[in-house]
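Just so we're on the same page, my numbering is the position in the sequence shown counted from 1, plus 225. Data first, discussion second: the structure below is written as structure tokens.
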Amino acid sequence: MTDYQAPTSAVLDALDAAGLPALLELDAFAHVDRDMVTTLVEEFGRFVDEVIVPTDAIGDDVGSRHDPATGEVTTPEGFVKAYRRYVESGWGALAFPEEHGGGGLPRLVGLALQEMMTSANVALSLNPVLTQSVIEGLTKLGTPDQQRRFVPRLLTGEWNGTMVLTEPDAGSDVGAVRTRAEQDDDGTWRLTGTKLFITWGEHDLTDNIVHLVLARTPDAPVGTKGLSLFLVSKHLVDAEGRLGVRNTVRCASVEHKVGIHASPTCVLDFDRAEAELVGEVGDGMGLMFVVMNSARLSIGLQGLAAAEVTSQQALAYAHERRQGRVATTPKGESARIEDHPDVRRMLLTMRSATDAVRLVLYTTGAQADLAAHHPDEDVRARAKDRADLLTPIAKGWSTDEGVEVASLAIQVHGGVGYVEETGVARHWRDARIAPIYEGTNGIQAIDLVMRKLRLRDGSVIADLLSELEALDGPLAEAGDELAEVRARLADALVAVRAATAWLIERAATAPDDALAGATAYLDLLGSTLGGALLAESALRLRSPRSIGIATFYATERLARVPGLLGPVTAGAARLVIA
Ligand SMILES: Cc1cc2nc3c(=O)[nH]c(=O)nc-3n(C[C@H](O)[C@H](O)[C@H](O)COP(=O)(O)OP(=O)(O)OC[C@H]3O[C@@H](n4cnc5c(N)ncnc54)[C@H](O)[C@@H]3O)c2cc1C
């Protein structure tokens, strides 16, 4: 069936909408201009279409294989070659600071490239995604010596990185981690324990793997306060950055999963593995959050990537497939299913959700760039708060949307959608993990409601809502063209204001009530933000397409937002399992 084609012009439009031009005005990006970004996006789009897309189906069919005798993992045919080409072209390093050997591009542009890689092959894309999170962690938290020995090869992609938190009894509850970190008499740290579900924990794509591991030191307090962060290199690395002997970390098995078959999800045994402390003893959880916040945005992209690729497939299929008739169908012929109103509804639902998710993710990425690079400290602080507020939405809401859109793509295909050959089911299976890992979406919703709404005494969310409300003026000026968008957005924002006030009050006085409404609120706020960003795009572009998408989203999605106020504020008392 139809392969994915990198949607480079939609990506470039969304980069502009998210604020790329303003970012490129900053001194930090003086060496980058808009033409360079266009060239990179287009070149990378061609690269993924030609090199990465062809690896996707075989990756799903064959999967990565574990050899229990050696503990080694072999990736499907073509992966090593495709990954080498990715490394040789230097794509992975583009969005990292020049002082570490990166290309110094905005993170926002890095996200755009990552989106295309993820749509092309989500299982393979996870390898650079995790590596990039580890680079982010080491460049911020590692010692100069660790940075010098590990970062350059992670940047090129010659080595890859992993994030190692989960254990059989420590999933969402990271504080339950039991892996022990003990110091030998010579001061060397040694890790002992079993970690579960470690993405790309072992494989044949790179010579070395750099694990960032949470472990508990002797006599450490219980819970997250007792955790420290360690670097465990598959092969020991000497003072000059050269690879030495194999460390005592071994892959015991690889999971059989619903999707992302080519991404090896490993059980890792650490048997007195030599480790280096990152940061201070007891700071592990806080440090891991630096790594996780970067990863959460990337995992949010998996929702977008699944939505984009399956929207493309559904649109192409609906154009080919003929069934039934519509009023204009000539006698003796059948209509293309794209002409049936219900199929059009599905296609527009998919396309508008995909566009909305892209804007939410890119907007969050732009805030992360401002937080890192704006010269004014106040602007940096506000951008960081905004990025913190948006991150659970970017991860949680986007990945829920991605699964929904992929599921709708199956519906558009009818029976063949449920048959593997079309490939659409594969993307749905692949997408299903994103709401689970990197903090389940339930945990994202709780983070949003219990922590992020309270940022700076509620002023961070209040400022966001005021900005969205300020769209009312320009929408009014646009007249009839955007009247429906204006009306639905206004109603949605009234509901968001009411829900937010209720949750902030309950979080302090009756936390279970706030927790019970958290997931509905994630949907309510995510949908409203998505609708507002589509409205903003329509105001800016004034094209029939942008107005049509914003209007469709307003009537289908924003119109439902006030109805979510009920579930948000229904409280916990109703949640009785008989
Ligand atoms: C394919 C795959 C790849 C993964 N990759 C990695 C990796 O690279 N590194 C790594 O460290 N881990 C990884 N994980 C682990 C993943 O992050 C965890 O599975 C996830 O955090 C959920 O933990 P759990 O599976 O133990 O579920 P649980 O924590 O048992 O959660 C089960 C359910 O209970 C809910 N729940 C749990 N606690 C609460 C609470 N306090 N309040 C409300 N609801 C709650 C959850 O939302 C969920 O719906 C991976 C998992 C998979 C399947």
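Ideal placement from N, C-alpha and C gives every residue a C-beta, glycine not left out. None of the values given here were measured: they were computed from a predicted structure.
Pull up the distance between the alpha-carbon of residue i and that of residue j, whole angstroms please.
i, j, result
"Thr-725", "Arg-679", "10 Å"
"Asp-463", "Glu-626", "45 Å"
"Ala-530", "Ser-350", "11 Å"
"Met-341", "Gln-408", "44 Å"
"Ala-608", "Ala-619", "15 Å"
"Tyr-381", "Leu-522", "Position check: residue 381 holds Thr in this sequence, whereas Tyr was assumed. Rounded to the nearest angstrom, the two C-alpha atoms are 21 Å apart."
"Ser-632", "Ile-661", "17 Å"
"Thr-368", "Gly-667", "35 Å"
"Glu-268", "Leu-573", "29 Å"
"Ala-406", "Asp-370", "21 Å"
"Val-508", "Lys-450", "The sequence as given places Asp at residue 508; Val does not occur at that position. Rounded to whole angstroms, Asp-508 to Lys-450 spans 7 Å at the Cα level."
"Val-399", "Asp-613", "20 Å"
"Ala-606", "Leu-689", "14 Å"
"Ala-242", "Leu-584", "7 Å"
"Ala-339", "His-652", "A quick correction: the sequence has Gln, not Ala, at residue 339. Cα to Cα, the separation comes out at about 17 Å."
"Ala-498", "Val-305", "27 Å"
"Ala-717", "Leu-750", "9 Å"
"Ala-803", "Ala-797", "14 Å"
"Gly-296", "Gly-315", "30 Å"
"Leu-437", "Leu-379", "13 Å"
"Pro-293", "Asp-748", "43 Å"
"Leu-758", "Ala-591", "14 Å"
"Gln-548", "Lys-556", "13 Å"
With a threshold of 8 Å, establish whether the CB of residue i neighbours any heavy atom of ligand 1.
i, result
"Met-261", "no"
"Ser-397", "yes"
"Ser-350", "no"
"Met-388", "yes"
"Lys-620", "no"
"Glu-663", "yes"
"Asn-518", "no"
"Gly-509", "no"
"Gly-426", "yes"
"Thr-391", "yes"
"Leu-668", "According to the sequence as given, residue 668 is Ile; it is not Leu. Yes, since a heavy atom of ligand 1 falls inside the 8 Å radius drawn around the Cβ of Ile-668."
"Thr-280", "no"
"Ile-671", "yes"
"Phe-422", "yes"
"Ser-762", "no"
"Lys-482", "yes"
"Ile-485", "yes"
"Ile-658", "yes"
"Leu-740", "yes"
"Ser-488", "yes"
"Leu-355", "yes"
Determine, using beta carbons only, whether residue i and residue j come nearer to each other than 9 Å.
i, j, result
"Thr-391", "Ile-434", "no"
"Ser-358", "Val-516", "yes"
"Ala-500", "Ala-445", "no"
"Phe-495", "Leu-416", "yes"
"Arg-713", "Thr-780", "yes"
"Ser-536", "Arg-570", "no"
"Ala-289", "Asp-580", "Residue identity check: residue 289 is Ser in the sequence provided, not Ala. Result no, Cβ atoms of Ser-289 and Asp-580 do not sit closer than 9 Å."
"Ala-253", "His-598", "yes"
"Gly-362", "Ser-234", "no"
"Leu-336", "Tyr-643", "no"
"Ala-743", "Leu-728", "yes"
"Asp-672", "Gly-664", "yes"
"Val-236", "Gly-270", "yes"
"Val-506", "Leu-366", "no"
"Leu-249", "Val-262", "yes"
"Val-312", "His-486", "no"
"Ala-634", "Gln-527", "no"
"Ser-488", "Trp-425", "yes"
My understanding is that residue i touches residue j, with C-beta atoms under 8 Å, so please give their C-beta distance in whole angstroms.
i, j, result
"Val-492", "Thr-419", "7 Å"
"Pro-775", "Ala-760", "It is Ala, not Pro, that sits at residue 775 in the sequence shown. So it is a contact: roughly 5 Å between Cβ atoms."
"Gly-386", "Thr-356", "4 Å"
"Leu-452", "Met-510", "5 Å"
"Pro-787", "Ala-708", "Pro-787 to Ala-708, Cβ: 18 Å. No contact."
"Ala-670", "Val-630", "That belief does not hold up - the Cβ atoms of Ala-670 and Val-630 are roughly 19 Å apart, past 8 Å."
"Leu-764", "Pro-699", "5 Å"
"Asp-410", "Val-298", "With 8 Å as the limit, Asp-410 and Val-298 do not qualify as a contact, their Cβ atoms being about 35 Å apart."
"Leu-265", "Leu-333", "That pair is no contact at about 12 Å."
Ordered list of beta strand (DSSP E) runs contained in the stretch 267–353, each at least 3 residues: 290–292 and 297–299
Kindly provide the ranges of any alpha helix (DSSP H) runs that are 4 or more residues long and lie completely inside the stretch 527–606, ordered along the chain. 566–598
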